[in-house]
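When the count follows our numbering, it moves up by one through the sequence shown with no breaks and lands on 359 for the last residue.
A virtual CB, placed ideally from N, CA and C, is assigned to each residue, including glycine.
Only a predicted model underlies this, so the values are computations on that prediction, with no experimental measurement involved.
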Amino acid sequence: MLYKYLSNKFSWVCVLLILIVAYVVIGINIFTCISLAILLLIVRIMSEEKIRISNKFIAVVALTLITAACSRLSINENTDMYNIYYFNQTDNSMTVESIALGFAEDAIGEVILYSIVEQLYNRIISNISVVPINLHLRNNVASVAFGDNYLELTATEQILLRASLIYTLTDLDFIEGVEFFIDAQPLTNNYGVTVGVMDKEDIIFAGINPNPTTNYQNITLYFRKEGTNALVAENREIQVNKDVPLEQYILEELVRGPMQSGLEATLPQTTTINYIETKENVCQVDLSYNRQAKEILAEYGEELFVYSIVNSLTEIWTIQKVGFLINGEKQDYVAGSMDLNVLFERNENVITSK
């Protein structure tokens, strides 16, 4: 009797289909597949021979299939919650949305990276259509590459997009920072300096506000006391815009000079602020000035020039050290005596009272 059914081509086709579905689609191991195929073949034999099949027996077969499929899914795929960050222009704030995503236990980081970025673009409340052309993960740093159409975005749109990507990707436990590339070249700022790897600490929310507010800020500046080689503090209230770093205002006010009598400027008025950035408690300043300015510095002294900047900037509690570049390059000196290749800390010894 068994031979009759095994020689039946239809029976073999049924067995083959069962094996393919169970093994390839559901992912049940081969031994379980063979067992299920034999079990279903027995059911068919009993049906052909008009042997009564109880409802309990059918239920057992169905339950076995369902249990095997569910067990495969639960063992090899984990569902976790992930945070998606995007800037909501309606209320000018960063919005976070938690979503559930399932990945295989052995899924590599780049698979998760691509999926997370896709989910982010599904939720960005904007008409931003510039999508990454390549994503790469190496040494816990995600590289996001855009085409040249990224440059067609407004400055605000660029900041919104970068902020959303940085917040979303660094929220993953295996990503510590994000770097951006435009047309295969590293992203640079307005001064041509490479931005490099960024994380949440590098994002200034006020900078991504399409309608930044303006308020007043008290700052402390240090100028030269007339007839001495000492610095004196001058407190000043200035109007600031939140999308401009406070460090920029401090340097601009130092170049503008003192308002109180008995004080002298330590920076030549021809000084140009090329670039200023604070990262990991170090403020990097890039300045340029003409030849006449060097003569002024030689007369008044490089020490007061350096420490008027350093002491003024370190009034900001997040700044502990200051580094200098001149015209984008490191210099051994400004006017002939001080080595500018080092990081400078606050110097209270050059400060005197009024």
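Could you check how far apart the C-beta atoms of residue i and residue j are, in whole angstroms? I think they sit under 8 Å.
i	j	result
LEU318	ILE324	5 Å
VAL327	ASN352	About 11 Å separates the two Cβ atoms, so there is no contact after all.
Quick check on the DSSP output: the beta strand (DSSP E) that includes residue i runs from which residue to which?
i	result
LEU106	98–109
TYR119	Element bounds for TYR119: not the beta strand (DSSP E) but the alpha helix (DSSP H), 114–126.
ARG143	139–143
VAL327	326–331
ASN244	Inspection of the sequence shows that residue 244 is occupied by Gln rather than by Asn. Looking at the DSSP string, the run of the beta strand (DSSP E) that includes GLN244 is 236–246.
PHE179	Note, PHE179: premise wrong, no beta strand (DSSP E); not H, not E.
ASN279	277–284
ALA147	146–151
ASP291	287–293
Note down the Cα distance separating residue i from residue j, rounded to an integer number of angstroms.
i	j	result
ILE321	ALA112	44 Å
ASN286	THR225	18 Å
LEU118	VAL198	27 Å
ILE104	ALA147	21 Å
LEU292	ASN279	5 Å
LEU256	ASP207	20 Å
GLU252	LEU158	27 Å
LEU165	PHE349	34 Å
LYS247	ASN139	33 Å
TYR254	GLN244	9 Å
ILE418	ASP178	Outside the shown range of the chain (6 to 359) lies residue 418, about which nothing can therefore be said.
ASN346	GLN124	45 Å
TYR126	ASN332	39 Å
ASN93	ALA160	16 Å
MET99	THR357	45 Å
ASN145	SER120	17 Å
ARG167	VAL260	32 Å
VAL290	LEU156	26 Å
VAL122	THR193	22 Å
TYR87	ILE281	35 Å
ALA109	VAL116	10 Å
ARG241	ASN220	14 Å
GLN336	ARG128	47 Å
SER162	GLY152	Reading off the sequence shown, one finds Glu at residue 162, where the question assumed Ser. Near 15 Å, if we compare the C-alpha coordinates of GLY152 and GLU162.
ASN83	ILE171	24 Å
CYS288	VAL202	16 Å
VAL311	TYR294	14 Å
Let me check understanding here. Comparing Cα to Cα, which of the options lies closest to residue i?
i	options	result
GLN222	GLY152, VAL249, ARG229 and GLU206	VAL249
SER313	VAL355, THR175 and GLN336	VAL355
ASP188	LEU292, VAL135, GLN253 and ASN88	VAL135
LEU268	LEU170, GLN124, LEU106 and GLU239	GLU239
GLU307	ILE255, LEU170 and ASP344	ASP344
THR175	ASP204, LEU348 and ALA109	ASP204
TYR91	SER169, GLU334, PHE108 and GLN124	SER169
MET173	ARG143, VAL101, GLU258 and VAL260	One point to set straight first is that residue 173 is Thr, not Met, in the sequence displayed. The residue with the shortest Cα to Cα distance from THR173 is VAL101.
GLY114	LEU142, VAL149, ARG241 and ILE89	LEU142
TYR227	GLU258, VAL200 and GLY333	GLU258
GLY107	GLN336, GLU123 and ASP85	ASP85
ALA150	GLN190, VAL311 and VAL116	GLN190
ASN137	ASN154, VAL260, ASN93 and VAL237	Here residue 137 turns out to be Pro, not Asn, going by the sequence shown. Ranking the options by Cα distance to PRO137, first place goes to ASN154.
LEU309	LEU156, TYR294, VAL237 and ALA160	VAL237
ALA270	ARG229, ASN83, GLU242 and GLY152	ARG229
THR283	ILE171, ASN83 and VAL200	VAL200
Can you name the start and end residues of the alpha helix (DSSP H) that residue i belongs to?
i	result
ARG261	251–261
TYR312	307–318
ALA189	Taken as a continuous stretch (DSSP letters only), ALA189 belongs to no alpha helix (DSSP H), as it is neither H nor E.
THR159	Here THR159 belongs to no alpha helix (DSSP H), and DSSP marks it neither H nor E.
Report whether the distance from the Cβ of residue i to the nearest heavy atom of the ligand ATP is below 6 Å.
i	result
ILE331	Ligands displayed in this structure: none; no statement on the ligand ATP is therefore possible.
Point to revise | Cβ contact check for the segment 258–271 and the segment 173–191: 3 or more pairs under 8 Å | key: no
Check your understanding: Taking contact to mean at least 3 C-beta pairs separated by less than 8 Å, is the segment 273–285 in contact with the segment 229–237?
Key -> no
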